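Undergrad:
Protein chains in written order, with the working numbering: chain A, 46 to 704; chain B, 12 to 718.
#1: Consult DSSP for residue 252 of chain B and reduce its assignment to one of helix, strand or coil.
#2: Can at least three beta-carbon pairs, one atom from the region 50–57 of chain A and one from the region 93–105 of chain A, be found at a separation below 8 Å?
#3: Could you work out which residue in A:102, A:511, A:561, A:656 is closest to residue 346 of chain A when comparing CA atoms only?
#4: If we ignore side chains and look at the alpha-carbon of each, how far apart do residue 396 of chain A and residue 447 of chain A end up?
#5: Would DSSP call residue 74 of chain A helix, strand or coil?
#6: To the nearest whole angstrom, what separates the beta carbons of residue 341 of chain A and residue 150 of chain A, a pair I think is in contact under 8 Å?
#7: Could you name the residues of the region 465–486 of chain A whose beta carbon sits closer than 8 Å to any beta carbon of chain B, in the order they occur along the chain?
#8: Between the C-alpha atoms of residue 247 of chain A and residue 556 of chain A, what's the straight-line distance to the nearest angstrom?
#9: Would you mind telling me which residues of chain B sit closer than 9 Å to residue 581 of chain A, beta carbon to beta carbon, in chain order?
#10: Who are the Cβ neighbours of residue 324 of chain B in its own chain at under 6 Å, not counting the five residues just before and after it?
#11: To the nearest angstrom, how far is it from the Cα of residue 245 of chain B to the Cα of residue 312 of chain B?
#12: Would the beta-carbon of residue 154 of chain A fall within 8 Å of that of residue 239 of chain A?
#13: Does any residue of chain B have a CB that is nearer than 8 Å to the CB of residue 407 of chain A?
#14: Give every residue of the same chain whose Cβ lies closer than 6 Å to the Cβ of residue 453 of chain A, excluding the five residues on either side of it in the sequence, and list them in chain order.
#15: Taking the straight line between their C-alpha atoms, what separation do you get for residue 666 of chain A and residue 635 of chain A?
#16: Beta carbon of residue 490 of chain A, beta carbon of residue 399 of chain A: below 8 Å?
#17: Where does residue 213 of chain B sit, in a helix, a strand or coil, going by DSSP?
#18: Excluding the 5 residues flanking residue 49 of chain A on each side, which residues of the same chain have their C-beta closer than 6 Å to its C-beta?
#19: Under the rule that 16 or more other beta-carbon atoms within 10 Å means buried, what is residue 673 of chain A, buried or exposed?
#20: Please classify residue 95 of chain A: does DSSP put it in a helix, a strand, or coil?
#21: In angstroms, rounded to a whole number, what distance separates the CA positions of residue 432 of chain A and residue 226 of chain B?
#22: Residue 483 of chain B to residue 413 of chain B, Cα distance in whole Å?
#23: Between the Cα of residue 107 of chain A and those of A:677, A:310, A:138, A:648, spot the shortest distance and give me the residue it belongs to.
#24: Tell me which residues share the same chain as residue 315 of chain A and place their Cβ nearer than 8 Å to its Cβ, disregarding the 5 neighbours each side in the sequence.
#25: Closer than 7 Å by beta-carbon distance: list the chain A residues that pair up with residue 283 of chain B, in chain order.
#26: Residue 306 of chain A versus chain B: which residues are under 8 Å apart at the beta carbon?
#27: At a Cβ threshold of 8 Å, is residue 675 of chain A touching chain B?
#28: List, in chain order, every chain A residue whose beta-carbon is nearer than 7 Å to that of residue 436 of chain B.
#29: Does the beta-carbon of residue 352 of chain A have 16 or more other beta-carbons within 10 angstroms, so that it is buried, or is it exposed?
#30: Is there a Cβ of chain A sitting closer than 8 Å to that of residue 363 of chain B, yes or no?
#31: So if I threshold CB-CB distances at 9 Å, which residues from the region 242–265 of chain B count as touching chain A?
#32: By the 10 Å Cβ neighbour count, where 16 or more other Cβ atoms means buried, how is residue 693 of chain A classified, buried or exposed?
#33: At least one CB of chain B closer than 8 Å to the CB of residue 585 of chain A: is that the case?
#34: Going by DSSP, what residues sit across from residue 143 of chain A in a beta bridge?
#35: Would a C-beta distance cut-off of 8 Å place residue 367 of chain B and residue 351 of chain B closer than the cut-off?
#36: Only counting the same chain, and skipping five residues up and downstream in sequence, which positions put a Cβ closer than 6 Å to that of residue 58 of chain B?
Given below as structure tokens:
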């Protein structure tokens with residue numbers, strides 16, 4: 046044992062004093078001093094510390110952290126000499142797992158224990174296991190923006206008011222997570238964790254336009270590049286990157302290469318991905334056109350509506366089954382109800398009809414005729430109108446087959462105007478007809494019929510009633526005045542928050558709602574998961590999707606430019622105009638090097654094309670890791686059984702320290 | 012003859028056919044009149060009559076189809092040139108327009124093809140029902156099966172007999188025989204006694220319902236006769252039912268032509284009036300597309316090769332990488348191509364090629380073309396409004412792809428004064444005339460045009476396009492695979508079947524002289540080869556398999572009742588009625604044109620084949636054997652075989668009609684033989700203004716062409 050002394054008190058062995066700070070003793074406590082020699086191994090030091098503290102607790106997670114060198118002394122069989130530790134070293138005896146506050150892609154806060162000693166790559170994997178998100182390699186952590194950024198926006202930051210705590214959750218030892226009551230078992234411990242699972246897997250419905258407006262929005266490529274400077278390095282630990290206990294970090298999908306999205310297992314993953322996509326769209330990080338925005342809005346509306354009643358424990362498939370079940374039981378009732386076969390056939394084949402007096406208007410050039418009352422009969426997919434009810438047996442004034450036609454609502458609730466504009470195709474072109482209904486109910490039933498007919502279905506279709514309800518609820522939306530206090534109920538929330546601020550400004554609510562309604566008819570039948578998947582797909586098909594921007598300076602160029610990194614290519618973009626100057630694909634890439642001294646990334650492509658640039662907006666290791674990460678992800682095999690080659694990841698993404 | 016035959020002699024000629032016509036028209040022209048006419052009359056009380064009725068109806072169905080065909084022929088002969096001339100311009104004719112007229116436009120060989128289609132259709136349905144019966148009434152198989160099998164056999168029989176019976180008819184001046192089988196065949200079921208009435212009744216009822224359901228289903232299927240123009244200026248007419256997508260029709264055409272089945276073959280629609288054209292995507296429903304055409308449409312459907320159809324999958328780099336970087340060559344190795352396709356089509360969402368650039372847009376109602384900057388996105392085509400940048404938020408939507416088809420515009424420089432001839436057109440599928448709702452765009456060069464058209468197709472159809480391609484490749488590779496195999500295959504099967512027949516002979520026909528046996532082998536071989544040949548040109552093994560079964564089965568089935576009848580003559584056990592019925596039936600073939608002498612000798616007793624094959628796939632025979640075939644087992648008396656072969660032979664003929672006999676792999680000698688057998692050469696002499704004879708003539712004519 047070290048610490049042999051002479052009578053005078055001088056140490057006669059080569060021992061020296063090692064000071065170790067222990068957090069458990071309180072912030073003001075003096076660091077412990079241990080008498081050690083260079084050949085003591087780390088495990089022995091830790092034993093001494095525990096002996097000295099005399100506090101009974103579980104110390105198994107604790108390890109020594111060398112502050113000056115930013116190094117975890119994790120190899121307990123190494124001696125102090127081997128680590129090069131001297132008396133001047135300041136050590137901390139501290140847990141390897143510490144709580145961090147994470148902002149999830151859905152902008153909610155959650156508190157979890159993350160590993161501070163392992164590389165971030167593995168720490169994220171651990172977090173994702175707790176959150177039950179598969180394919181953790183696609184996600185990573187960012188630092189939260191600096192305080193001064195935060196001050197710019199006032200008011201409550203979304204989601205911070207209620208923070209979920211998952212720090213106490215203990216994961217089962219086995220890698221395979223058994224679902225219990227429809228959720229991963231570790232969520233079913235307490236009501237609090239169950240609520241947390243709901244937060245994770247069901248998108249939040251309490252969004253208001255203010256929330257969107259208060260979020261910082263990037264207005265140009267340089268601002269879009271800012272976020273990418275905050276990524277943590279995946280090959281170093283959180284502690285090494287000066288992340289503190291309880292610090293706020295963001296968890297985001299970093300690599301836009303979503304592998305094997307499977308509604309069956311990926312409830313949380315899909316929801317979070319949808320949320321990230323939704324925010325990217327709302328904050329215009331991924332730009333979309335007006336038409337695309339309306340589709341996104343309709344999908345959000347639909348998802349919101351379903352989320353209100355969604356039960357997170359319900360698996361994705363069940364909803365469809367329910368529909369099927371009800372349809373089947375309907376059929377059964379019908380079949381049983383029919384006394385004879387002929388009756389049965391009749392029941393099955395009778396298609397509901399609509400008959401009513403409506404005002405019809407056919408706009409033509411050079412006529413000023415307005416709406417004219419007609420007796421209108423809607424049968425199967427055809428609308429026929431007659432001069433009067435009595436003439437309904439004769440020849441109709443006109444007959445329109447609505448199959449393939451365009452149905453556009455023309456509604457003004459305050460003006461009590463409920464019109465359906467039909468653009469009916471015929472061999473000669475499209476003919477335009479307006480049907481004007483008296484009230485909402487009539488409008489909804491006719492409108493729903495028209496919509497189904499346009500798709501070639503009749504009112505006998507099982508979706509007819511739900512379509513009617515949809516239309517009515519949308520009318521309800523429109524009725525709610527935008528000044529009314531925002532209720533948490535999605536139905537009364539208006540539609541403004543569904544679109545990005547640009548379109549919030551561009552359209553008045555009463556212009557917006559019909560357009561969203563129009564887009565909604567195409568998605569109204571989707572289940573919750575389908576709708577989320579549709580949203581993700583629509584997001585993925587935007588040209589801007591999946592490009593991470595960096596401000597760089599190319600070798601030989603005097604001005605800053607933008608480098609876009611996507612999952613299959615690098616894009617050189619003119620900073621001022623935003624035009625794509627050049628694209629290089631990874632498949633043509635031979636090799637790339639980083640010169641860490643001059644912080645320059647040099648890439649060689651086929652046919653001796655060499656590109657070199659230094660990163661301006663972010664550390665060059667981040668750029669390097671992004672490229673390497675995408676190449677790593679492309680090596681993933683479809684074979685689910687195989688784990689990830691972590692070594693390869695570090696090799697491809699790590700800086701010089703990893704090699 | 013007998014009362015039964017004479018009794019129905021006149022009825023079918025008038026009433027039956029008329030009813031049949033309405034049956035046919037109902038499915039075909041359902042658009043015009045929406046009454047499902049099919050299974051209308053079924054109210055008879057006794058089970059016999061009911062089955063009778065069913066079969067009658069089925070038969071009248073077929074007759075109806077034939078009636079139409081012959082009628083069209085009649086039209087042709089009566090006013091030969093004029094309608095034909097005008098109809099030449101009509102390239103496609105739709106059922107709802109005027110079936111007669113449309114059929115009159117058909118050429119003779121088309122008739123054969125159509126017949127084959129029809130027969131195949133019916134056979135399929137019946138086989139299904141029979142099988143369903145089999146499975147559902149397994150427990151009662153012993154007794155019930157014979158009846159059902161006879162039913163099936165009967166239905167096959169009359170089908171196979173139709174052409175032949177007609178020949179018989181004008182030869183011997185007999186009353187139209189078709190009804191005979193229809194009415195008589197149901198009688199043969201011998202086992203009425205062994206079974207309790209009740210059981211039989213329920214059985215018959217169940218059968219009836221099943222049959223009716225099948226027919227109901229079938230009756231509701233809309234069918235069109237589509238005339239497809241081949242690239243050698245000839246045309247082919249084929250039956251397309253409303254469930255068929257372009258791929259099915261292409262497969263059908265592959266069978267009927269001897270093309271190489273490569274992926275570039277497509278159905279191509281042309282609108283002469285608008286000067287637009289496009290290929291059907293393989294997943295598109297053909298009837299749906301054609302239903303949008305107007306009655307007097309000059310549009311036509313072509314069958315030709317278009318490299319553009321799947322160019323994107325052959326050289327994806329030309330579409331996905333073309334605009335990026337000039338250094339990238341046009342060539343790319345296969346692995347990279349695959350990778351690129353995988354990346355573009357197999358992700359969570361399909362990647363639409365990035366495409367933007369200036370195009371000319373024809374202004375509404377004017378002849379001027381305006382240059383605009385267009386961008387393609389997955390959600391539609393956009394353009395950059397004046398004074399705006401091309402960032403997403405400033406883009407104005409030009410058009411979205413829902414309810415929109417893309418066409419090539421041809422000769423637009425001339426027609427609309429377009430800047431170039433590289434134009435494409437976007438329009439609602441239903442629009443058939445010039446209209447302000449049609450969008451005309453014009454590209455600078457061919458490459459740009461291809462990029463835009465392909466890009467729009469990808470945006471519109473997404474992954475479906477890739478799936479179509481993969482299916483087409485599969486089809487093409489199968490075809491080429493078969494072409495290689497086909498030369499080997501026939502020999503193998505011939506050998507195997509030979510041994511099979513020998514065995515069977517050993518069991519059944521001890522009395523056959525060696526010479527005859529040899530001859531039998533010979534025909535056996537040719538007979539066996541035929542299905543193979545059919546395979547060879549159809550070349551899809553899995554799909555063709557069932558069909559060959561059907562063929563075989565159809566050719567196999569007929570004999571049993573006859574043999575039974577012949578056997579019955581020696582056994583007093585059997586009731587008289589069935590005997591009579593079948594006697595009537597067999598007597599018909601006897602009155603047929605005398606089979607060529609060499610054939611009669613050649614014709615080996617087919618039983619070996621029959622006894623051999625059925626167990627494989629046809630359940631009925633064994634039970635039949637148990638009840639009544641025992642008597643059959645002893646060497647069948649000489650006459651029946653020839654009869655059987657007679658009634659048997661015609662089937663190959665009708666069957667062969669479909670796919671023109673493949674000439675490449677088989678000795679012409681051999682292929683010709685069955686032909687001569689199947690077709691009594693005497694059929695030619697018909698001066699009677701008779702429907703059936705006309706049809707026969709048509710068939711003969713066709714055969715003359717092929718041989």
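Beta carbons: idealized from backbone N, C-alpha and C, even for Gly. Given the structure is predicted, the values throughout are model-derived calculations rather than measurements.
TA: Checking against the coordinates, here is how it stands:
#1: The residue given as residue 252 of chain B occupies position 241 in the second chain. Three-state result, residue 252 of chain B: strand.
#2: no
#3: Within the first chain, numbered from 1, the residue matching residue 346 of chain A stands at position 301. For the residues A:102, A:511, A:561, A:656, the minimum Cα distance to residue 346 of chain A belongs to A:561.
#4: As a position in the first chain, residue 396 of chain A is number 351, starting the count at 1. As a position in the first chain, residue 447 of chain A is number 402, starting the count at 1. Answer to the nearest angstrom: the Cα atoms are 16 Å apart.
#5: Numbered from 1 along the first chain, position 29 holds the residue referred to as residue 74 of chain A. Looking at residue 74 of chain A - three-state DSSP - the assignment turns out to be coil, as it is neither helix nor strand.
#6: Within the first chain, residue 341 of chain A is the residue found at index 296, counting from 1. Within the first chain, residue 150 of chain A is the residue found at index 105, counting from 1. Their Cβ separation, rounded to whole angstroms, is 16 Å, which puts residue 341 of chain A and residue 150 of chain A out of contact at 8 Å.
#7: 470, 471, 472, 473, 474, 475
#8: Locating residue 247 of chain A in the first chain gives position 202, counting from the first residue. Locating residue 556 of chain A in the first chain gives position 511, counting from the first residue. If I take the Cα positions, the gap works out to 29 Å.
#9: On the first chain, residue 581 of chain A is found 536 positions in, with the first residue counted as 1. Chain B residues near residue 581 of chain A: 359, 360.
#10: Taking the second chain and counting its residues from 1, one reaches residue 324 of chain B at position 313. Closer than 6 Å at the Cβ level, and outside the excluded window around residue 324 of chain B, lie 480.
#11: Looking up residue 245 of chain B in the second chain gives position 234. Looking up residue 312 of chain B in the second chain gives position 301. Distance between the alpha carbons of residue 245 of chain B and residue 312 of chain B is about 12 Å.
#12: Within the first chain, the letter at position 109 stands for residue 154 of chain A. Within the first chain, the letter at position 194 stands for residue 239 of chain A. Result no, Cβ atoms of residue 154 of chain A and residue 239 of chain A do not sit closer than 8 Å.
#13: Working through the first chain from its first residue, we reach residue 407 of chain A at position 362. No, no contact with chain B.
#14: If you number the first chain from 1, residue 453 of chain A lands on position 408. Cβ neighbours of residue 453 of chain A beyond the five flanking positions: 466.
#15: Residue numbering aside, residue 666 of chain A sits at position 621 when the first chain is read from its first letter. Residue numbering aside, residue 635 of chain A sits at position 590 when the first chain is read from its first letter. The alpha-carbon atoms of residue 666 of chain A and residue 635 of chain A are separated by roughly 19 Å.
#16: Residue numbering aside, residue 490 of chain A sits at position 445 when the first chain is read from its first letter. Residue numbering aside, residue 399 of chain A sits at position 354 when the first chain is read from its first letter. Closer than 8 Å, so yes.
#17: One-based indexing of the second chain puts residue 213 of chain B at position 202. Residue state, collapsed to three classes: helix.
#18: For the purposes of this step, residue 49 of chain A is identified with residue 4 of the first chain, where counting begins at 1. For residue 49 of chain A, where only same-chain residues beyond five positions count, the Cβ hits under 6 Å are 57, 58.
#19: Translated into positions along the first chain, residue 673 of chain A becomes position 628. Buried.
#20: Counting from one through the first chain, the residue named residue 95 of chain A turns up at place 50. Helix, per DSSP.
#21: By one-based count along the first chain, residue 432 of chain A stands at place 387. By one-based count along the second chain, residue 226 of chain B stands at place 215. The alpha-carbon atoms of residue 432 of chain A and residue 226 of chain B are separated by roughly 41 Å.
#22: Your numbering for residue 483 of chain B matches position 472 in the second chain. Your numbering for residue 413 of chain B matches position 402 in the second chain. Going from the Cα of residue 483 of chain B to the Cα of residue 413 of chain B covers about 25 Å.
#23: Against the first chain, residue 107 of chain A aligns to sequence position 62. Considering only alpha carbons, the answer is A:138.
#24: In the first chain, counting from the first residue as 1, residue 315 of chain A sits at position 270. Contacts found: 306, 308, 574, 577, 578, 581.
#25: In the second chain, the residue the question calls residue 283 of chain B occupies position 272. In chain order: nothing, as chain A lies at least about 14 Å away.
#26: The residue labelled residue 306 of chain A in the question sits at position 261 within the first chain. By Cβ distance, chain B contributes 359.
#27: Within the first chain, residue 675 of chain A is the residue found at index 630, counting from 1. No - not a single Cβ of chain B is within 8 Å of the one on residue 675 of chain A.
#28: For this step, residue 436 of chain B is matched to residue 425 along the second chain. Within chain A, no residue comes near residue 436 of chain B; the closest Cβ sits about 14 Å away, beyond 7 Å.
#29: As a working mapping, residue 352 of chain A is identified with position 307 in the first chain. Under this definition residue 352 of chain A is a buried residue.
#30: What you label residue 363 of chain B is simply residue 352 of the second chain in a count that begins at 1. Yes, residue 363 of chain B counts as interfacial toward chain A.
#31: none
#32: Stepping through the first chain from its first residue, residue 693 of chain A is reached at position 648. Flag for residue 693 of chain A reads exposed.
#33: Start at 1 with the first residue of the first chain, and residue 585 of chain A comes out as number 540. At least one chain B Cβ lies under 8 Å of residue 585 of chain A.
#34: The residue you call residue 143 of chain A lines up with position 98 of the first chain. Bridge partners of residue 143 of chain A: A:159.
#35: Position 356 of the second chain, counted from the start, is the residue given in the question as residue 367 of chain B. Position 340 of the second chain, counted from the start, is the residue given in the question as residue 351 of chain B. It is not a contact, given that the beta carbons lie outside the stated cut-off.
#36: What you label residue 58 of chain B is simply residue 47 of the second chain in a count that begins at 1. Low confidence applies to residue 58 of chain B: its pLDDT is 43, below 50, so where it sits in the model is not reliable, and the reading given next is rough at best. Cβ neighbours of residue 58 of chain B beyond the five flanking positions: 212, 215.
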